[in-house]
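Written below as structure tokens is the structure these notes are about.
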Amino acid sequence: MKVLLTGFEPFGGDELNPTKKIVENLEGKSIEGAQIVTKVLPVVFKKADKILTDLLKETKPEIAIHLGLAAGRSSISLERVALNLMDARIPDNENYQPKDEPIRRDGNTAYFSKLPIKEIVEELRKSGIPAIVSNTAGLYVCNEVMFLSLYHSEKFGYPLKTGFIHVPYIPEQVVDKFTYYGQSIPSLPLDIQIKAVEVAINKTIKL
Ligand code: PCA
């Protein structure tokens, strides 16, 4: 069985993206006998679309789990839904800033995650890792990637199971970041984030 795991390049002025480190760490590993193949995607709407679509056709993974950074969130977030819409608050890494544009004109308005999100949240909590189901993946490149993977799944039958997980910053990214009121920004250590992704893959394979 093949599991495609994607992360992203840094964006929005940050120097690193924890999801890039997570996928680099898990590249080539095997979990429950499944082979992990990874890709770091650019935070560029058009390029991420092309690279992901080609990759899904090439690798035909049974499972695809896509990761992204959700700056400011404090838990591992299992995304419930992807919307057929791009409405960027900030330009992407090639300065494109879509406003109210659909991702696929022949796609559904929205797709629900095909990962066992509640079971994964429960398993993460049992492992001592803070996790939630999130009801919005935003309207930026992460939502686009989640939408495209689910669109592909609906249209071509694979990936059989796919969905998106947002992760917090890692601590080294927030030491000099503060809210307006001088509070620290939430973060979660990288080793815990890696463990969380392993738990999610494991649970998805087993269910
Ligand atoms: N997070 C962004 C895009 C890349 C990433 O890691 C998002 O939430 O859309």
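Mapping of the sequence shown onto this note's numbering: residues 62 to 268, in sequence order.
Each residue gets a CB set at the ideal place from its N, CA and C atoms; glycine is no exception.
Inter-residue Cα distance where the pair is N83 and V101: The sequence as given places Ile at residue 83; Asn does not occur at that position. Rounded to whole angstroms, I83 to V101 spans 10 Å at the Cα level.
Three-state secondary structure assigned by DSSP to K222: strand
Closest residue to Y172 among K111, A198, A261 (Cα-Cα distance): A198
Cα-Cα separation, R141 to E180: 13 Å
F106, DSSP secondary structure in three states: helix
Top-ranked residue by Cα proximity to S188, from Q254, R134, A149: The shortest C-alpha separation from S188 is found at Q254.
With 16 other Cβ atoms within 10 Å as the buried cut-off, status of M147: buried
beta-carbon H127 near ligand 1 non-hydrogen atom, thresh 7 Å: no
Closest by C-alpha distance to D252, when choosing among P232, G243, D237, F239: It is P232 whose Cα lies nearest to the Cα of D252.
Closest residue to V56 among G218, I178, R166, E155 (Cα-Cα distance): Because the chain spans 62 through 268 in this model, residue 56 falls outside it and cannot be assessed.
For F217 and G129, believed in contact at Cβ under 8 Å, the rounded distance: That belief does not hold up - the Cβ atoms of G129 and F217 are roughly 23 Å apart, past 8 Å.
Buried versus exposed, by CB contacts within 10 Å (16 or more), D161: exposed
Residues near I178 by beta carbon distance below 7 Å, same chain, minus five either side: L139, R141, V194, G224
Cβ separation of T265 and I97, assumed to be a contact under 8 Å, to the nearest whole Å: In fact, because the Cβ distance is near 12 Å, the residues do not count as touching under 8 Å.
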